[in-house]
Amino acid sequence: MAALPQQYAVQMINIEKYFGLVCALKQINFEVGSNEIVGLIGDNGAGKSTMVKILTGVFPPTGGELYVAGRKVNFRNYNVTRAHEYGLETVYQDKSLGEKQVLWRNFFIGREITLPFGFINVRREKEIANEIMVNTIGFRGKGITVDSKVSVLSGGERQGVAIGRAMHFEAELIILDEPTVALSLKEVAKVMNFVNKIKEGGKACIYISHAIADVYEIADRFVIMDRGQIVANIVKRNITLKELDEFLLEYAHGLKDEGEA
Amino acid sequence: MKRPNSFLKFLGRIEGLPVVGVLLLMFGIFVITAPTVFTHLLIYMSFLQTVPPLLILGLGLTLVITAGEIDLSFPAVVALAGFVFAWIFKHVHTPWAPWAGFFLALAAGALVGYINGLFVAKIGVPSIISTLAAQFFWYGITILLANGLQLNLQEVEATDVHTIFTGRLFGMLPAQALWALGLTVFLWFILNRHKFGEAIMFIGDNPNVARVMGIDVEGTKIKLFTWMGVIAAFAGLLLTIEINVFFPTQGQGFLLPVMAAVFIGGTLISGGLGSMVGTFFGSYLIGSLQAGVVATGITSYWVQSVMGLIMAAAVALNVTIGEGRFAGLSARIGHWFTPHPGQSGNDEAHSK
Chain S
2 MAALPQQYAV QMINIEKYFG LVCALKQINF EVGSNEIVGL IGDNGAGKST
52 MVKILTGVFP PTGGELYVAG RKVNFRNYNV TRAHEYGLET VYQDKSLGEK
102 QVLWRNFFIG REITLPFGFI NVRREKEIAN EIMVNTIGFR GKGITVDSKV
152 SVLSGGERQG VAIGRAMHFE AELIILDEPT VALSLKEVAK VMNFVNKIKE
202 GGKACIYISH AIADVYEIAD RFVIMDRGQI VANIVKRNIT LKELDEFLLE
252 YAHGLKDEGE A
Chain G
537 MKRPNSFLKF LGRIEGLPVV GVLLLMFGIF VITAPTVFTH LLIYMSFLQT
587 VPPLLILGLG LTLVITAGEI DLSFPAVVAL AGFVFAWIFK HVHTPWAPWA
637 GFFLALAAGA LVGYINGLFV AKIGVPSIIS TLAAQFFWYG ITILLANGLQ
687 LNLQEVEATD VHTIFTGRLF GMLPAQALWA LGLTVFLWFI LNRHKFGEAI
737 MFIGDNPNVA RVMGIDVEGT KIKLFTWMGV IAAFAGLLLT IEINVFFPTQ
787 GQGFLLPVMA AVFIGGTLIS GGLGSMVGTF FGSYLIGSLQ AGVVATGITS
837 YWVQSVMGLI MAAAVALNVT IGEGRFAGLS ARIGHWFTPH PGQSGNDEAH
887 SK
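First to last, the sequence lines map onto chains S and G.
Going letter by letter, the first sequence gives residues 2 to 262 in this note's numbering.
Going letter by letter, the second sequence gives residues 537 to 888 in this note's numbering.
Structure, rendered in structure tokens:
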């Protein structure tokens, strides 16, 4: 078998997904470079989420191959925990953090630092959570500590916590699913700042969004999906924001309004 | 100072403080209105004897409710466990029969809980429905097996099982109170300091978050309901062993008081947060209310109304603290004592 280029964080070859008879994804060929930010764009139902869920082990595809850092994934024993081990982390818009829980628990949920018999090393978790907050994501003062509950954080800060968590766990590829929906401009700017930290850290990112202006600002390359297929793959230097916007109109009606909003 | 309201905030962080306050107030009233009863140790020893089964059920239910689920089948498990123990004790005549009965009763509870877990997690039946069905089914099975009759177990009095679980330490302190206290501490650590408890909190908070963070939501729920079955069986055993009688209706009547104790203790009905300390004191509050009201000399018809009043007060207190309205209030109080009134004293507000 031909050796795959190591510079890809992930590579999908001919990935297909059927839900019963409904084809959600067909013939997906997609790759993300190891220090690349890819903007994944498409209307609701275009297949973005389905693709991300296959990538991160939430469910397997019907057919096709997936390589993570050059290693072929065996879907029979691939799941979220395994994807975490491979360095794939997802930051979902509204389901990354437990709202009623304190921050230090949110940093380590599913990957607790344990003492014997599965008890949690609370002191250690708090120390590291504090370290992530101060150094990785640059939270300062404002009364937010590792003992604060998520419910007191703003939308942008929540994304920051989730991104900081992903970076702490040495994610090679961080997937951001609609990270700026329902955020104010100031909060969007915070999220952009967090995404730049991913790039500076030498890691890769898939940025999924309806907000074309945000995606254009942050991404190196745009992958556009429509009805289960990839319809375009455009490098940023070859297109202006206006051209990208017009291009999208052909495929996804209604996107333009949200892009301008 | 920078944080003038830190003392009030600190008070807000003490687990179960509202219910402890209500409990102390209640006992204060009892001591004043019925001094002959409430200034003697006897009544307190009697509470330590009668409250543990209710408390133990409450501890298990706290875990279940924290996970955003409910279990209505525990009264049936209390009866079934008592029956399994009583039947084996009556029909097997060996020295180890009480212990065999004890552990088989726990196993029966585990089985009921496991089946509940399968229905909820694997088939996806809402727990309020599947455990209601289980309550009818297992209660019915218990009555069938027992022919509707009670079993007298006078000989249990002489066994190790009786001494260990419901004996009297120093001739007065009921052993079951210590078991219940030990279980409270143990389950506090499970909920607050163990991976299993953390998984329960996140599942109750938002199952989708739990799933994408790699928690086995279905497996955790099955384990949780199984444990609830075991805990309910233990409560049933204490009841049977304490009074040396099994009767088929022994679990009935626990359902609502146990739920009241859990909610008075501050566990959220919406899931995500639960308080073992709160359930501990909530159970003693509920469990001592009847005797207390009767001892004050007013007619016992008042008991239900007083219970409702106290529950409403305790839960209202929990909600106001939980929603941070208290934090706002404490900030305002702190503000009055701050020399520089230009700055907001509320730490929760952090917009730039």
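The beta carbon of each residue, even a glycine, is placed where N, CA and C say it ideally should be.
Taking the alpha-carbon positions, what's the residue i to residue j distance?
{"i": "valine 648 of chain G", "j": "alanine 641 of chain G", "result": "11 Å"}
{"i": "alanine 863 of chain G", "j": "arginine 549 of chain G", "result": "Residue placement at alanine 863 of chain G is poorly supported in this model, since its pLDDT is 49, which falls under 50; the coordinates still yield a value, given next. Their Cα atoms are separated by approximately 11 Å."}
{"i": "glutamate 244 of chain S", "j": "glycine 755 of chain G", "result": "50 Å"}
{"i": "threonine 630 of chain G", "j": "glutamate 691 of chain G", "result": "13 Å"}
{"i": "lysine 198 of chain S", "j": "glycine 165 of chain S", "result": "9 Å"}
{"i": "aspartate 696 of chain G", "j": "phenylalanine 817 of chain G", "result": "29 Å"}
{"i": "tyrosine 93 of chain S", "j": "glutamate 179 of chain S", "result": "7 Å"}
{"i": "glycine 733 of chain G", "j": "methionine 749 of chain G", "result": "15 Å"}
{"i": "glutamine 12 of chain S", "j": "glycine 676 of chain G", "result": "58 Å"}
{"i": "arginine 861 of chain G", "j": "alanine 768 of chain G", "result": "Per-residue confidence for arginine 861 of chain G stands at a pLDDT of 49, beneath the threshold of 50, marking its modelled position as unreliable; the derived number appears in the next sentence. Spanning the two alpha carbons is a distance of roughly 36 Å."}
{"i": "leucine 560 of chain G", "j": "glycine 653 of chain G", "result": "38 Å"}
{"i": "serine 149 of chain S", "j": "threonine 776 of chain G", "result": "45 Å"}
{"i": "glycine 844 of chain G", "j": "glutamine 585 of chain G", "result": "24 Å"}
{"i": "methionine 226 of chain S", "j": "phenylalanine 248 of chain S", "result": "12 Å"}
{"i": "glycine 740 of chain G", "j": "arginine 106 of chain S", "result": "14 Å"}
{"i": "valine 216 of chain S", "j": "tyrosine 208 of chain S", "result": "7 Å"}
Identify the continuous beta strand (DSSP E) that holds residue i and give its terminal residues.
{"i": "threonine 91 of chain S", "result": "89-93"}
{"i": "arginine 112 of chain S", "result": "That residue, arginine 112 of chain S, is in no beta strand (DSSP E); it is neither H nor E in DSSP."}
{"i": "glutamine 230 of chain S", "result": "230-236"}
{"i": "valine 224 of chain S", "result": "222-227"}
Which class does residue i belong to by DSSP, given the choice of helix, strand or coil?
{"i": "aspartate 883 of chain G", "result": "Here aspartate 883 of chain G scores only 40 on pLDDT, less than 50, and its place in the model should not be relied on; the value that follows carries that caveat. Aspartate 883 of chain G: coil per DSSP, three-state reduction."}
{"i": "lysine 18 of chain S", "result": "strand"}
{"i": "proline 805 of chain G", "result": "First, the residue type needs correcting, since residue 805 of chain G is isoleucine and not proline in the sequence shown. Of the three classes helix, strand and coil, the one that applies to isoleucine 805 of chain G here is coil, per DSSP."}
{"i": "phenylalanine 574 of chain G", "result": "helix"}
{"i": "glutamine 686 of chain G", "result": "coil"}
{"i": "proline 117 of chain S", "result": "helix"}
{"i": "lysine 96 of chain S", "result": "coil"}
{"i": "leucine 591 of chain G", "result": "helix"}
{"i": "aspartate 246 of chain S", "result": "helix"}
{"i": "methionine 749 of chain G", "result": "coil"}
{"i": "phenylalanine 563 of chain G", "result": "helix"}
{"i": "valine 851 of chain G", "result": "helix"}
{"i": "methionine 13 of chain S", "result": "strand"}
{"i": "lysine 127 of chain S", "result": "helix"}
{"i": "alanine 25 of chain S", "result": "strand"}
{"i": "valine 135 of chain S", "result": "helix"}
{"i": "phenylalanine 782 of chain G", "result": "strand"}
{"i": "valine 147 of chain S", "result": "coil"}
{"i": "threonine 720 of chain G", "result": "helix"}
{"i": "glycine 864 of chain G", "result": "For glycine 864 of chain G, the predicted structure reports a pLDDT of 49, less than 50, and the residue's modelled location is therefore unreliable. The matter cannot be settled from this model."}
{"i": "leucine 584 of chain G", "result": "helix"}
{"i": "leucine 154 of chain S", "result": "coil"}
Please compile the residues from chain S whose C-beta is within a distance smaller than 8 Å of the C-beta of residue i.
{"i": "arginine 729 of chain G", "result": "Phe120, Ile121, Val123"}
{"i": "aspartate 741 of chain G", "result": "Gly99, Glu100, Lys101, Gln102"}
For residue i, return the contacting residues in chain S, with the cut-off set at a CB-CB distance below 9 Å.
{"i": "aspartate 696 of chain G", "result": "What aspartate 696 of chain G touches in chain S: nothing, since even the nearest Cβ is about 28 Å away."}
{"i": "leucine 809 of chain G", "result": "Lys101, Gln102"}
{"i": "phenylalanine 761 of chain G", "result": "Going along chain S, no residue has its Cβ under 9 Å from phenylalanine 761 of chain G, so there is no contact; the nearest lies around 19 Å."}
In chain G, which residues lie less than 8 Å from residue i when you measure between Cβ atoms?
{"i": "glycine 157 of chain S", "result": "Going along chain G, no residue has its Cβ under 8 Å from glycine 157 of chain S, so there is no contact; the nearest lies around 11 Å."}
{"i": "histidine 85 of chain S", "result": "Gly750"}
{"i": "tyrosine 217 of chain S", "result": "Within 8 Å Cβ-Cβ: nothing; tyrosine 217 of chain S doesn't reach chain G, min ~26 Å."}
Starting from residue i, trace the alpha helix (DSSP H) in both directions and tell me its first and last residue.
{"i": "alanine 768 of chain G", "result": "753-779"}
{"i": "phenylalanine 672 of chain G", "result": "663-681"}
{"i": "histidine 730 of chain G", "result": "Histidine 730 of chain G -> no alpha helix (DSSP H), and no H or E assigned at all."}
{"i": "tyrosine 217 of chain S", "result": "213-219"}
{"i": "valine 697 of chain G", "result": "696-702"}
Check the Cβ of residue i against every Cβ in chain S and list those closer than 7 Å, keeping chain order.
{"i": "asparagine 744 of chain G", "result": "Lys96"}
{"i": "glutamate 734 of chain G", "result": "Arg106, Ile110, Glu113, Ile121"}
{"i": "phenylalanine 738 of chain G", "result": "Gly99, Gln102, Ile110"}
Listing by chain order, which chain G residues have their CB less than 7 Å from the CB of residue i?
{"i": "glycine 229 of chain S", "result": "Per Cβ cutoff of 7 Å: no residues; glycine 229 of chain S is ~22 Å from chain G at best."}
{"i": "threonine 82 of chain S", "result": "Gly750"}
{"i": "tyrosine 93 of chain S", "result": "Val748"}
Give the interface partners of residue i over in chain G, defined as CB-CB distance under 9 Å, in chain order.
{"i": "tyrosine 208 of chain S", "result": "Correct list: empty, because the minimum Cβ distance to chain G is about 18 Å."}
Considering only heavy atoms of the ligand ZN, does any lie closer than 7 Å to the CB of residue i?
{"i": "aspartate 148 of chain S", "result": "The model depicted lacks the ligand ZN and carries no ligand whatsoever."}
Scan the segment 27-93 of chain S and note each continuous alpha helix (DSSP H) run of 4 residues or more that stays entirely inside, going in chain order. 49-56, 81-86
Quick check for students: name the residue ranges of the alpha helix (DSSP H) that lie wholly in the segment 164-208 of chain S, counting only runs of 4 or more. 186-201
Run through the segment 588-658 of chain G for me and flag every whole beta strand (DSSP E) of 3 or more residues, listed as ranges in chain order. none
Runs of alpha helix (DSSP H) lying entirely within the segment 787-833 of chain G, each at least 4 residues, in chain order: 791-800, 812-831
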